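Numbering (our numbering), first residue to last: 70 to 223. So the structure is just underneath, and the comments pick up after that.
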Amino acid sequence: MILINYTINIKDKRKIYGIIGATLTLLVPFFLMFFNENNHLETDQSLCPFKMITGFPCPGCGITKSLVYFYEGDFYKSISYHILGPFVIVFCLIAIVVLTTELITKKECFNAVLYNKKLAYGLGFFLIVYHFIRLAFFIKNHSLDSILKESIWR
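Right, here's the structure in full:
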């Protein structure tokens, strides 16, 4: 009897976790789409802890709804909830393919792109600017009472 000693190193574990995370990011909104009867996602309370406490959206608020409406084929509504929603889908699909390929071939691909500090800082800066613009429109379009109703302090 031959025993095969196969240990998974830390990099491989991170890749597996990345694949699982990207897959869940794509699947949860996909299944929510099937339970979006009468567009209840538009009127239901958000499950975002930040929004529940403050009444204001966090930088990631709306991405799940954006993915749901993207899956339903409503691109305009998708980007109206969060402009990065469709890009999250593309990024997750690319991440699954790249990480799976790296696990199979045992070769690192696209490390210069995936671990690029300039790209990360640029995306972070874009997200901050986008969030402040969203907050300005949110405050302009909502009264204090409606903001409080979106929090747990109603």
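Note that beta-carbon positions come from the ideal geometry of N, C-alpha and C, so glycine has one too. Please read all numbers here as calculations on a predicted model, not as lab measurements.
(request) Label residue 161 either buried or exposed according to how many other C-beta atoms from any shown protein chain fall within 10 Å of its C-beta, with 16 as the threshold for buried. (result) buried
(request) For the alpha helix (DSSP H) containing residue 117, list its first residue and its last residue. (result) Segment: none, residue 117 is in no alpha helix (DSSP H) and carries neither H nor E.
(request) Return the first residue and the last residue of the alpha helix (DSSP H) that residue 153 is part of. (result) Neither: residue 153 is in no alpha helix (DSSP H) and is coded neither H nor E.
(message) Can you look up residue 206 in the DSSP assignment and give me helix, strand or coil?
(response) helix
(request) Determine the extent of the alpha helix (DSSP H) in which residue 309 is found, giving its start and end residues. (result) Nothing in the structure corresponds to residue 309, since the chain is present only between 70 and 223.
(request) Could you check if residue 89 is buried or exposed, using at least 16 other CB atoms within 10 Å of its CB as the buried criterion? (result) exposed
(request) Report all residues from its chain with a CB closer than 7 Å to the CB of residue 99; omit the five preceding and five following residues, and keep chain order. (result) 140
(request) Could you tell me the boundaries of the alpha helix (DSSP H) in which residue 100 lies? (result) 79 to 103
(request) Report whether the distance from the Cβ of residue 182 to the nearest heavy atom of the ligand HEM is below 6 Å. (result) The model on display carries no ligand, and the ligand HEM is accordingly not part of it.
(message) Quick check on the burial criterion: 16 or more other C-beta atoms within 10 angstroms. Buried or exposed for residue 137?
(response) buried
(message) Quick check on residue 150: buried or exposed, where buried means 16 or more other Cβ atoms within 10 Å of its Cβ?
(response) buried
(request) Could you pull the start and end residues of the alpha helix (DSSP H) that residue 218 belongs to? (result) 213 to 218
(request) Could you check which residue in 183, 115, 79 and 153 has the C-alpha nearest to that of residue 165? (result) 183
(message) In whole angstroms, give me the CA-to-CA distance for residue 208 and residue 83.
(response) 40 Å
(request) Count the CB pairs spanning the region 118 to 131 and the region 213 to 221 that are closer than 8 Å, and state whether there are at least three. (result) yes
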